[in-house]
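Visitor: Protein sequence lines, in the order shown, are assigned to chains A and B.
For the first sequence, the residue numbers in my numbering are 365 to 822.
For the second sequence, the residue numbers in my numbering are 22 to 122.
What follows is a structure written as structure tokens; I'll ask about it next.
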Amino acid sequence: MNSTLYSLIGLAAGVAFILALKGLSHPKTARRGNLIGAFGATVATLAVFFYGAPLNNLGWIVGAIAVGLVIGVPAARKVEMTQMPQLVALFNGVGGGAAALVAIVEYLNLGAQATTAEVIFTVFTVVVGCVSFSGSIITFMKLQELMTTRPVVFPGGRFVIAATLAATLGVSVWVVVALGTTPLLVLAVLSLIFGVLFVLPVGGADVPIVISLLNAFTGLTVAASGYVLSSTLLIIAGTLVGASGTILTRLMAEAMGRSLFGTLFGAFTAKPQEASGSAEERPVRSGSADDVAILLNYARRVVIVPGFGLAVAQAQHTVRELADLMLSKGIDVAYGIHPVAGRMPGHMNVLLAEANVPYDQLAEMDEVNPTFGQTDVAIVIGANDVVNPAAQTTPGCPIYGMPILEVNNAANIIFLKRSMRPGFAGIENELLYDPKTMLLFGDAKASLTKVVSALKAL
Amino acid sequence: MDAMAIISIFVLAVFVGFEVVSKVSSTLHTPLMSGANAIHGVILVGAIIVADHSKTNLELGLSLAAIVLATINMVGGFVVTDRMLEMFKPKQNTSGNGESK
Chain A
365 MNSTLYSLIG
375 LAAGVAFILA
385 LKGLSHPKTA
395 RRGNLIGAFG
405 ATVATLAVFF
415 YGAPLNNLGW
425 IVGAIAVGLV
435 IGVPAARKVE
445 MTQMPQLVAL
455 FNGVGGGAAA
465 LVAIVEYLNL
475 GAQATTAEVI
485 FTVFTVVVGC
495 VSFSGSIITF
505 MKLQELMTTR
515 PVVFPGGRFV
525 IAATLAATLG
535 VSVWVVVALG
545 TTPLLVLAVL
555 SLIFGVLFVL
565 PVGGADVPIV
575 ISLLNAFTGL
585 TVAASGYVLS
595 STLLIIAGTL
605 VGASGTILTR
615 LMAEAMGRSL
625 FGTLFGAFTA
635 KPQEASGSAE
645 ERPVRSGSAD
655 DVAILLNYAR
665 RVVIVPGFGL
675 AVAQAQHTVR
685 ELADLMLSKG
695 IDVAYGIHPV
705 AGRMPGHMNV
715 LLAEANVPYD
725 QLAEMDEVNP
735 TFGQTDVAIV
745 IGANDVVNPA
755 AQTTPGCPIY
765 GMPILEVNNA
775 ANIIFLKRSM
785 RPGFAGIENE
795 LLYDPKTMLL
805 FGDAKASLTK
815 VVSALKAL
Chain B
22 MDAMAIISIF
32 VLAVFVGFEV
42 VSKVSSTLHT
52 PLMSGANAIH
62 GVILVGAIIV
72 ADHSKTNLEL
82 GLSLAAIVLA
92 TINMVGGFVV
102 TDRMLEMFKP
112 KQNTSGNGES
122 K
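Structure, rendered in structure tokens:
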């Protein structure tokens, strides 16, 4: 295969990736787009074999690919939709790790012949790739609950992070100046440590931002290694991913009403919430499944607001059953989806899609908010902060300024909760004490099942 | 490749990326993440290239590790994205044609 043909194939694969992302503009075209992307990636991979034929170490290369297939395909096939955030974090991490390894090998290989520009790009790839790798692994462990999901903060943490960052930058300069294997390996280790320290203080609810950011990081490392390897395809692919990660990060930060910096380093600067002085028990109205069913039976419009609790309880199928039952009774049903509900961008949409909820019932925040005034019942399932009116009314509270789903405008509100524990941000939700609110305690799935059978009996 | 060509490709790709991704419906943000993930798995191409010209056992070992990771990333990413997208369906006309005369 001559090099022109090889380059053209690379270009075609780049176009395939653009089409893959373009397909995602609508659910109808998304699947085809993804297949085009997969086809492009496959052809580009095969082209390397023909272009370089016969490749050195061919047996080893094919063997390594086989190992990757044996690990990757079953993992992707079997994963539960509720575990999707973990898997995406993991895949992102291994991509970053691969890019860092490629840069290290190329650096070892070039030795003293490397140009300064190549060394700078290598340093960038190693640092960001390693941060993405170790950061994603910690994110994975948090999501899989192999470790605490709370922010991990230790005394002087900010200074340790700053010192690690300074050391990483210092060693980066050392690598560029001294050109040795040892400094590069020191750099890799430091970057891995920095990645861990960087993600530890981030709490569970902020994970959507971190996942998007690490995704952008990995994209940029791939683009940088494209420079070192003179591969147009890697530059295009990496840059596209970098752009998509950047946009998602910005959207998620906006949806939380917080700056990116505040999210990442908030745990260090936040004042611990003083225990609320009002120790007195405030009355809440808790109801039974039958009460809820009666309320729903006479409603004309119901909006369902799912949160992370829905994923934890795996209640997506039951909620769909309830929605279908209401629809069959002529009740207008919509799902109100907050952009940061769950643990990754769009997490709720995937869960509900798995339960065969048609995507035209999934309403975005801007779409659904004006309709709460005409809504008879809002059912909040395992969500709290994203409906907390304190975000609009209490300046100074940690979520102040975060756009919320305005369920407080609905005529009735039903909260499905496991307990009175406040949401992730640790802020009291006044809505729970509102006279038009009814609480249904218990596991979301068990409660919904009871409501479904009670509603059927009516 | 000369630096100017690379910078041009990079800058144009940034704009194409922003343009295309900002049109992605928020319903599909999770598939976008995992799809974008799969795309950067194409680092596999780079891993194969460095494995090809590895001179020492260390280089070969590291590049084989890179191939394993990149394959997991690329193939796993596309498979899981496909699985997710398969689930996104519009309102089904289950009543279908049976009811119309």
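Quick reminder that beta carbons are idealized off the backbone N, C-alpha and C, glycines included.
Quick caveat, the model's predicted, so the values are computed rather than measured.
Anyone know if the C-beta pair for G621 (chain A) and G765 (chain A) falls short of 9 Å?
Guide: In this structure, G765 (chain A) lies closer than 9 Å to G621 (chain A) by Cβ.
Visitor: For a contact defined as C-beta to C-beta under 9 Å, what are the partners of E718 (chain A) on chain B?
Guide: Going along chain B in sequence order, the residues near E718 (chain A) (Cβ under 9 Å) are M105 and M108.
Visitor: Anything in the segment 400–416 of chain A with a Cβ closer than 7 Å to a Cβ of chain B? List those residues in chain order, please.
Guide: The residues in question are G401, A402, A405, A408, T409, V412 and G416.
Visitor: So, helix, strand or coil for F497 (chain A), using DSSP?
Guide: In the structure shown, F497 (chain A) sits in a helix (DSSP, three-state: H, G or I).
Visitor: Specify, as a first and last residue, the run of the alpha helix (DSSP H) that N58 (chain B) falls within.
Guide: Where N58 (chain B) is concerned, the enclosing alpha helix (DSSP H) stretches over H50 to H61.
Visitor: If you follow the alpha helix (DSSP H) that Y370 (chain A) is part of, which residue opens it and which one closes it?
Guide: That run of the alpha helix (DSSP H) goes S367 to G387.
Visitor: Assuming contact is defined by CB atoms lying nearer than 9 Å, are S498 (chain A) and V560 (chain A) in contact in what I supplied?
Guide: Yes, these two residues count as a Cβ contact at 9 Å.
Visitor: Touching or not, the segment 600–613 of chain A and the segment 54–67 of chain B, by the rule of three or more beta carbon pairs under 8 Å?
Guide: The segment 600–613 of chain A, when compared against the segment 54–67 of chain B, does touch it at the 8 Å Cβ threshold.
Visitor: Given a limit of 7 Å on CB to CB distance, which residues of the segment 607–619 of chain A reach chain B?
Guide: Against chain B - using a Cβ distance shorter than 7 Å - the residues of the segment 607–619 of chain A are A607, S608, G609, I611 and L612.
Visitor: Here's the rule: buried if 16 or more other CB atoms are within 10 angstroms of the residue's CB, otherwise exposed. What is S692 (chain A)?
Guide: Result: exposed.
Visitor: If contact is defined by three or more beta carbon pairs under 8 Å, each pair taking one atom from either stretch, is the segment 696–707 of chain A in contact with the segment 34–44 of chain B?
Guide: The segment 34–44 of chain B, when compared against the segment 696–707 of chain A, does not touch it at the 8 Å Cβ threshold.
Visitor: Apart from the five residues on each side of it in sequence, which residues of its chain come closer than 6 Å, Cβ to Cβ, to N579 (chain A)?
Guide: Only N456 and G609 meet the Cβ criterion.
Visitor: Counting only the same chain and skipping the five closest in sequence on each side, list residues whose C-beta sits under 7 Å from that of L454 (chain A).
Guide: Excluding positions up to five away in sequence, the list reads S500 and F504.
Visitor: Does any residue of chain B bring its CB to less than 9 Å from the CB of A377 (chain A)?
Guide: Yes, A377 (chain A) counts as interfacial toward chain B.
Visitor: Which stretch, first to last residue, makes up the alpha helix (DSSP H) that contains M448 (chain A)?
Guide: Taken as a continuous stretch (DSSP letters only), the alpha helix (DSSP H) holding M448 (chain A) covers M448 to L474.
Visitor: Which runs of the alpha helix (DSSP H) spanning at least 4 residues fall entirely within the segment 26–52 of chain B, listed in chain order?
Guide: Runs of the alpha helix (DSSP H) inside the segment 26–52 of chain B: none found.
Visitor: Can the beta-carbon of L689 (chain A) be found closer than 9 Å to that of K820 (chain A)?
Guide: A contact, by the Cβ cut-off of 9 Å.
Visitor: Identify every run of the alpha helix (DSSP H) within the segment 659–726 of chain A, keeping only runs that are complete inside it and at least 4 residues long; order them along the chain.
Guide: The segment 659–726 of chain A contains these whole alpha helix (DSSP H) runs: 672–677, 680–692 and 711–718.
Visitor: So N78 (chain B) contacts chain A; which residues on that side make the cut at Cβ distance below 8 Å?
Guide: Chain A residues near N78 (chain B): none, gap ~11 Å exceeds 8 Å.
Visitor: I'd like to confirm the pairing. Which residues does DSSP put opposite A742 (chain A) in its beta bridges?
Guide: According to DSSP, which records beta bridges pairwise, A742 (chain A) is partnered with A:V667 and A:I777.
Visitor: Spatial neighbours of G641 (chain A) within its chain, please: CB distance less than 7 Å, with the 5 preceding and 5 following residues excluded, ordered by chain position.
Guide: Its pLDDT being 41, under 50, G641 (chain A) is placed unreliably by the model, and the measurement read from it follows with that caveat. Within the same chain, G641 (chain A) has no close Cβ partners at all.
Visitor: What does the alpha-carbon distance come out to for the pair A643 (chain A) and P572 (chain A)?
Guide: In this predicted model, A643 (chain A) has a pLDDT of only 41, less than 50, meaning its place in the structure is not dependable enough to derive any value.
Visitor: What three-state label does DSSP hand E618 (chain A) in the structure shown?
Guide: Helix.
Visitor: Whose Cβ in chain B lies nearer than 9 Å to the Cβ of D724 (chain A)?
Guide: The answer, in chain order, is P111 and K112.
Visitor: Residues of chain A with a CB under 7 Å from the CB of D73 (chain B): which are they?
Guide: Near D73 (chain B) (Cβ distances below 7 Å), the residues of chain A are G416, L419, N420 and N421.
Visitor: For G459 (chain A), count neighbouring C-beta atoms within 10 Å of its own C-beta (all shown protein chains included) and say buried if the count is 16 or more, exposed if not.
Guide: Result: buried.
Visitor: Using the C-alpha atoms, what's the distance from L812 (chain A) back to T115 (chain B)?
Guide: Interpretation of T115 (chain B) is limited by its pLDDT of 44, a score under 50 that renders its predicted location unreliable; the figure taken from the coordinates is listed afterwards. Rounded to the nearest angstrom, the two C-alpha atoms are 25 Å apart.
Visitor: Would you kindly work out how many angstroms separate the C-alpha atoms of E770 (chain A) and T801 (chain A), rounded to a whole number?
Guide: Their Cα atoms are separated by approximately 13 Å.
Visitor: Rounded to whole angstroms, what is the Cα-Cα separation between S55 (chain B) and R441 (chain A)?
Guide: For S55 (chain B) and R441 (chain A), the distance between alpha carbons rounds to 14 Å.
Visitor: Report yes or no: is there a C-beta of chain A within less than 9 Å of the C-beta of M25 (chain B)?
Guide: M25 (chain B) does not count as touching chain A.
Visitor: Could you name the residues of the same chain whose beta carbon sits closer than 7 Å to that of V829 (chain A), not counting the 5 residues immediately before and after it, in chain order?
Guide: No information on residue 829 (chain A) is available, as it lies outside the stretch 365 to 822 that chain A covers here.
Visitor: Would K506 (chain A) pass as an interface residue toward chain B - the criterion being a Cβ-Cβ separation below 9 Å?
Guide: Not closer than 9 Å to any Cβ of chain B, the Cβ of K506 (chain A) fails to qualify, so no.
Visitor: Bridge partners of E841 (chain A), per DSSP?
Guide: With chain A covering only 365 through 822, there is no way to say anything about residue 841 (chain A).
Visitor: Quick one, which residues of the segment 457–481 of chain A are near chain B if we go by CB-CB under 8 Å, in chain order?
Guide: The segment 457–481 of chain A vs chain B, Cβ under 8 Å: V458, G459, G461, A462, A463, L465, V466, I468, V469, E470, L472, N473 and A481.
Visitor: What's the call for V666 (chain A), buried or exposed, on a 16-neighbour Cβ count within 10 Å?
Guide: Flag for V666 (chain A) reads buried.
Visitor: Let me check one thing: in DSSP terms, what residues is L803 (chain A) bridge-paired to?
Guide: Answer by DSSP bridge pairing, in chain order: A:S650 and A:F779.
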